[in-house]
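Participant:
Numbering (the UniProt record's numbering), first residue to last: 1 to 559.
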C-alpha cells in the first residue's frame with residue numbers, strides 16, 4: 001500500500017501563477033497543492049483508489065494497534081506520533097456511525113422477522129420478557145384447553161348418569177304398572193318408594209348437569225376473551241364506585257357478557273347521554289361480537305357507546321331498573337387518553353396543575369412526559385411490536401446523543417483519578433504527621449547543634465499532572481474500542497446463536513483491555529491500575545445510569 005501521494009507536478013501555480021520547483025509539493029506563495037487535476041477517466045479512477053489506499057493505511061495501523069497493543073494509539077498520540085493513526089474524533093465518528101446504524105438495522109430486522117437469531121435480539125432488548133410472556137401465555141392457553149377438556153368430560157359424565165337414571169326410572173315404572181295389574185300391593189309399595197328415591201336423585205343430577213354446563217360455558221367464555229369487566233366498564237366511562245360495577249361483579253362470570261351486551265344495546269338508543277366509542281380496541285370489539293345462524297357463521301359487532309361525563313342513566317338488568325352514573329372525565333380509559341393527546345399545551349398544563357395542586361417550574365417537561373407516556377400506552381395496546389420498535393429506536397438515539405456528554409465526564413473521572421495534585425491534596429494531612437515526626441527526631445538528636453538541614457515543610461501540591469485533553473483523548477479512544485468490541489463479539493454471537501454469552505464475554509474482555517490500556521497510558525503499577533480500573537468502572541456505571549436517565553427523560557419529553 002502506498003503511503004506517499006503520487007503528484008502530477010506543474011511548473012506554474014494555477015492559482016497565483018508563481019513559478020514552482022520540481023521538488024515543491026505546495027506553492028510557496030499561496031499554499032495550493034502542486035497537483036494537476038486535468039486527467040482522463042482512467043487516471044481519475046487510479047487517484048480515487050490511491051486515496052482510499054492512503055486512508056486504509058491509517059486505518060490499518062489504527063486497527064493493528066487496537067487489537068495487538070491496548071493503549072498504544074493513545075500513548076503514541078499523546079507523545080506526538082499521530083500521522084500513522086486515524087485522528088480520535090474521526091475514529092469515534094466512523095465507529096459510532098457504523099455501530100448505531102448496524103444496531104438500528106439489527107433491531108429492525110428482529111422486529112420484522114421470526115428467525116431464532118432475530119428473536120434472540122428482541123428478547124435481549126426486552127430482558128427476555130416477551131419470551132417469558134409468550135411462555136406464560138402458552139401455559140395459560142394449555143391450562144384453558146385442559147380445563148375445557150375436564151369440564152367437557154365432567155358434563156358428559158353427569159349427562160350419562162342422568163340418562164342411566166332416567167332409564168332406570170322408566171323400567172321401574174313398567175314394573176310398577178305390572179304390579180298394579182297383578183294387584184301385588186307389597187311390590188307396588190316397594191317400587192313406589194324406589195321410584196320416589198330415584199326421582200329425587202334425578203333432580204340432583206339435573207342440578208349437577210346445569211352447573212356442569214354453566215362451568216363449561218364459563219371456560220368457553222374465558223377462553224375467547226382477553227379483557228376484564230373492569231376494563232370494559234372503564235371504556236364505558238362508568239364511575240369507579242358505581243352500583244352497576246358492584247352488580248356485574250356479583251354475577252357469575254358466564255352471565256356477565258350477555259348482560260353487558262344488553263346494556264350496550266340500551267346505551268346505543270340513548271343519543272343524549274351517550275356517545276360512540278371511536279376506534280375501540282380489538283379485544284373490546286371481540287367481546288361485543290355476537291354470532292348468529294348455524295354454528296355461528298354470521299357475526300356482527302355492536303356499535304359501542306360510552307356515557308358522557310357527569311350523567312346518570314337508567315339501564316335494565318333482567319327486568320330491574322338500575323341507575324348508573326358516569327365519571328367526571330378523569331377515568332383514564334382510551335377515550336380519555338386520546339382526548340389528552342389532542343389537548344392544547346395550556347389545557348394540558350391546567351390538567352396537570354389540577355391533579356398535582358401546584359404549578360411546576362418545569363411544566364413543559366411534565367407536559368411532554370405526560371403526552372408521550374400516554375401515546376406509548378395507546379401504542380402498546382394497538383400494536384405492541386411496533387411500539388417496542390419505536391422505543392428501541394428512541395433508545396438508540398438517546399444513547400448516541402448522551403455519548404457526547406459521557407465522554408467528557410469520563411475524562412474528568414480520569415483527571416481526578418490520575419491527578420498528582422489531587423493525590424497530594426488528599427495525602428497532605430498525612431504529610432504533616434510525617435513532618436511532625438521528622439521535626440521531633442531533629443530536635444531530640446540535636447540537629448540545631450550539629451547544623452543539620454532543617455526538615456522542609458510539606459507542599460500542598462506536589463508533582464506535575466496531565467492536561468485534561470490527554471484524558472479526553474483516552475476517553476474517546478476507549479469508547480470507540482468498546483463499541484467496536486460489541487459489534488464484533490455480539491455479531492459473532494448472533495451467527496452462532498449465543499449472543500447473550502457473547503455479550504458477557506465482550507464485557508469481560510473489555511474490562512481486561514481497559515485495565516491494560518490504563519497500565520500502558522498512565523504507567524502505574526498493576527496493583528494501582530487494577531484498583532483504579534475497578535473504581536472507574538463502578539463510577540462509569542453510576543454516571544452512565546444517571547446521564548441516560550436525565551438525557552432520556554428530557555429527550556422523551558421534548559420529542
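The beta-carbon is built from N, C-alpha and C at its ideal position, and this holds for glycine as well.
With DSSP as the reference, label residue 300 as helix, strand or coil.
Facilitator: strand
Participant: Give the secondary structure of residue 569 by DSSP, where H, G and I count as helix, E and B as strand, and everything else as coil.
Facilitator: Residue numbering for the chain in the displayed model covers 1 to 559; residue 569 lies beyond these limits and cannot be assessed.
Participant: Considering only residues of the same chain and omitting the five flanking positions on each side of residue 516, which have a CB-CB separation below 8 Å?
Facilitator: 70, 71
Participant: With C-beta atoms as the reference, is residue 473 less than 8 Å away from residue 513?
Facilitator: no
Participant: Please state if the CB of residue 308 and the CB of residue 323 are separated by a distance shorter than 8 Å.
Facilitator: Contact flag unset, no.
Participant: What does the Cβ neighbour count give for residue 502, buried or exposed, with the cut at 16 atoms within 10 Å?
Facilitator: With 16 or more other Cβ atoms from the protein chains shown falling within 10 Å of its own Cβ, residue 502 counts as buried.
Participant: Would DSSP call residue 345 helix, strand or coil?
Facilitator: Correct three-state label for residue 345: helix.
Participant: So, helix, strand or coil for residue 535, using DSSP?
Facilitator: helix
Participant: Who are the Cβ neighbours of residue 490 in its own chain at under 7 Å, not counting the five residues just before and after it?
Facilitator: 499, 502, 503, 506
Participant: Which term fits residue 237, buried or exposed, when burial requires 16 or more other beta carbons within 10 angstroms of its beta carbon?
Facilitator: buried
Participant: Mapping DSSP to helix, strand and coil, what is residue 236?
Facilitator: coil
Participant: For the alpha helix (DSSP H) that residue 510 lies in, which residues bound it at each end?
Facilitator: 499-522
Participant: Which residues in the same chain as residue 198 place their Cβ atom closer than 8 Å to its Cβ, once the five residues preceding and following it in sequence are excluded?
Facilitator: 165, 168, 169, 172
Participant: CB-CB under 8 Å to residue 582, same chain, minus the five flanking residues each way: which ones, in chain order?
Facilitator: Since the first residue of the chain shown is 1 and the last is 559, residue 582 is not available in this structure.
Participant: With distances taken from CA atoms, which of 279, 493, 15 is nearest residue 336?
Facilitator: 279
Participant: Beta-carbon within less than 7 Å of residue 349's beta-carbon, same chain only, minus the 5 sequence neighbours each way: which residues are those?
Facilitator: 363, 367
Participant: Since residue 578 is in the beta strand (DSSP E), which residue starts that stretch and which ends it?
Facilitator: Look at the range of the chain in this structure, 1 to 559, and you will see that residue 578 is not part of it.
Participant: Quick check: what's the CA-CA separation for residue 492 versus residue 59?
Facilitator: 22 Å
Participant: Kindly confirm or deny that the region 227-237 and the region 247-258 touch, where touching means at least three C-beta pairs closer than 8 Å.
Facilitator: yes
Participant: Leaving out the 5 sequence neighbours to the left and right, which residues in its chain are closer than 8 Å to residue 417 when beta-carbon positions are compared?
Facilitator: 532, 535, 536
Participant: Residue 290 by DSSP, collapsed to three states: which one?
Facilitator: Three-state DSSP puts residue 290 in a strand.
Participant: Let me make sure I understand the geometry here. Which of 87, 509, 381 has the alpha-carbon closest to that of residue 485?
Facilitator: 509
Participant: Buried or exposed: residue 257, going by 16 or more other Cβ atoms within 10 Å of its Cβ?
Facilitator: buried
Participant: Could you tell me how far apart the beta carbons of residue 547 and residue 406 are, in whole angstroms, since I believe they sit closer than 8 Å?
Facilitator: Confirmed, about 6 Å.
Participant: Using DSSP with H/G/I as helix, E/B as strand and the rest coil, what is residue 183?
Facilitator: coil
Participant: State the Cα-Cα distance for the pair residue 287 and residue 376, rounded to the nearest angstrom.
Facilitator: 24 Å
Participant: Can you tell which of 325, 374, 291, 328 has its C-alpha closest to the C-alpha of residue 341?
Facilitator: A check of alpha carbon separations from residue 341 across 325, 374, 291, 328 identifies 374 as the nearest.
Participant: In chain order, what residues of the same chain lie with their CB nearer than 7 Å to the CB of residue 20, ignoring the 5 residues before and after it?
Facilitator: 10, 11, 12, 13, 27, 34
Participant: Give me the Cα-Cα distance between residue 64 and residue 410, rounded to the nearest whole angstrom.
Facilitator: 25 Å
Participant: Please report the residue range of the beta strand (DSSP E) in which residue 306 lies.
Facilitator: 305-307
Participant: Please state the DSSP three-state secondary structure of residue 278.
Facilitator: coil
Participant: Determine the contact status of residue 314 and residue 325, defining contact as a CB-CB distance below 8 Å.
Facilitator: no
Participant: Express the C-alpha separation of residue 78 and residue 470 in angstroms, rounding to a whole number.
Facilitator: 7 Å
Participant: According to DSSP, simplified to helix, strand and coil, what is residue 543?
Facilitator: Secondary structure at residue 543: helix, using DSSP grouped into helix, strand and coil.
Participant: Between the beta-carbon of residue 305 and the beta-carbon of residue 332, is there less than 8 Å?
Facilitator: no
Participant: What is the DSSP secondary structure of residue 22, reduced to helix, strand or coil?
Facilitator: coil
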